[in-house]
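What follows is a short report on a single structure.
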Amino acid sequence: REVLTQHFVSDGLYKATYVFDFLPAYIASARQNRNVGLYRALVVLVELIDTLTGEGYLDRGNRVVTVSLQDLADFTQKVESSGAFMAVHVHSSLVSRNNRLDFVVSAKHKQYTTHQNWSDDPT
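First residue of the sequence shown: 1, per our numbering; consecutive thereafter.
Structure, rendered in structure tokens:
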């Protein structure tokens, strides 16, 4: 809760912040998908914010870093396993494109969107 509160009160002027493109689409997809739901979507969002903070993207002189969640929103809409959804953060990457970051779900993980009984590869 604290991570989300701190993020959403940051304005980019007095405190550097991330702007999430497609955040409404991501939340809407999560709420409409019974395998995901709002709680899981927020847990994954917190994991993403923690990763961005840990990687120091705001420490590079930018007041605002734009992160596209389009791929995550698409995955969230289609995934049929809550386990596959909760592992999405591990099976994704942040790709820098044109002064922004794209959250990209791996092609291999996207193959599991229709697997209802998904479990992570133990390797």
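All residues carry an ideal CB built from backbone N, CA and C; glycine is no exception.
Note that the structure is a prediction, hence the values are computed from the model and not measured.
Helix, strand or coil at residue i [DSSP, three-state]
i: Y112; result: coil
i: R34; result: coil
i: R40; result: helix
i: F22; result: coil
Straight-line Cα distance separating residue j from residue i
i: D102; j: Q32; result: 23 Å
i: R97; j: R63; result: 17 Å
i: F75; j: V95; result: 17 Å
i: I27; j: A73; result: 8 Å
Proximity to residue i [Cα-Cα], best of the options
i: Y18; options: V90, G61 and A30; result: G61
i: L48; options: H109, H89 and K108; result: H89
i: L42; options: K78, A30, T51 and T53; result: A30
8 Å contact criterion, which residue i and residue j should meet: CB distance rounded
i: S81; j: Y112; result: 7 Å
i: V36; j: F85; result: 5 Å
i: R100; j: T66; result: 4 Å
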